[in-house]
Each structure stands twice: as C-alpha cells, then as structure tokens.
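Participant: Position one of the sequence shown corresponds to residue 302 (this note's numbering), numbered consecutively onward. I have a structure I would like to understand better, so I am pasting it below and will then ask my questions one at a time.
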Amino acid sequence: MLQNLNILEIASAMARHAVQRHAVIAENIANSDTPGFKAKDMEPFSDAFARAQRTGAVEFRVEPITTGDPSPNGNTVSLEDQMSRSSGALRDHETAMAIYSKAMTMLRTSIGRR
C-alpha cells in the first residue's frame, strides 16, 4: 500500500513537469516573432526524476533548443516544432493523470472503498 503513495508522488511530479513544460512552450509561441528570441524546452521528466533519486530534490530545468536554423532576425522558434512539443506535453499530463487515477483506485480498494 505504501508503494501507491510513492506512485502518487511520482505522478504528481510528472503532471507538474508537463504543466511547466506547457508554460515554456506557450512562452516560445508567444515570442515567435520576437527578434533574437531563443526557443527553450524543459529537460525530459526521466532526467529530472533520475536526478531527484540521487539528490532527493525535484527540480525541473529549462534548456535552450539547439536544433534548427534561426530565422533571419535570429529567432529560433519553429511553430511546427512547438505544436509537436505541446502535444507531447499534453500526452505526458494525460499519462500522469491516468497513473494517479489508477493508484487512487487501488488505494481506495485496499481500504475497502470504491
């Protein structure tokens, strides 16, 4: 039963990561016409989780996106790439919520509630 509590914490952290990643992507999209703006993204949740296992602190890092060529004004935001990343963040959030929901169902079942 205590493993379910750990799963809840991990699912919650995964959902927070997805929400913060979506905010970074939204900032990129909002600055798609800003000269010199450099697109960013969050590190993968798996990297943050592995680091948290070693250090005990959950911290999500924002990193510059280094793929693609900048536009003539120096901007590195690709709207197509950002839409793809946004879909990935949504998928990660939905996965986290599904895990959370299943863990809660298992926890309720273990204490005799449905």
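Here a beta-carbon is modelled for each residue, glycine too, at the ideal position from N, C-alpha and C.
Counting C-beta neighbours from all protein chains within 10 Å, is the total for R322 16 or more, i.e. buried, or is it exposed?
Facilitator: Counting Cβ neighbours within 10 Å, R322 comes out buried, since at least 16 surround it.
Participant: What's the C-alpha gap between V267 and M405?
Facilitator: Within the shown structure, residues of the chain are numbered from 302 to 415, placing residue 267 beyond reach of any answer.
Participant: How would you write the range of the beta strand (DSSP E) that K403 sits in, first residue to last?
Facilitator: It is not in any beta strand (DSSP E) - K403 instead sits in the alpha helix (DSSP H) that spans 380 to 411.
Participant: Is the CB-CB distance between A331 and A390 below 8 Å?
Facilitator: Contact: no.
Participant: Suppose you measure from the CA of M302 to the CA of M398; what does that come to, to the nearest Å?
Facilitator: A caution first: M302 carries a pLDDT of 44, below 50, which makes its placement in the model unreliable, though a value can still be read off. Roughly 19 Å between the two C-alpha positions.
Participant: Can you tell which of M384, A358, K339 has the C-alpha that lies nearest to the C-alpha of D348?
Facilitator: Taking only the C-alpha atoms, the option nearest D348 is A358.
Participant: I believe E364 touches K341 by the beta-carbon criterion, under 8 Å. Please report the beta-carbon distance rounded to the nearest angstrom.
Facilitator: E364 to K341, Cβ: 7 Å. Contact.
Participant: Beta-carbon within less than 8 Å of A353's beta-carbon, same chain only, minus the 5 sequence neighbours each way: which residues are those?
Facilitator: Contacts found: A314, V359, E360.
Participant: Please return the same chain residues whose Cβ sits closer than 8 Å to the Cβ of T396, not counting the five positions on each side in sequence.
Facilitator: Cβ neighbours of T396 beyond the five flanking positions: M315.
Participant: Within its chain, find whatever has a CB closer than 7 Å to the CB of S387; leave out the 5 residues flanking it on each side and keep chain order.
Facilitator: So the list reads H323, I326, once near-sequence residues are dropped.
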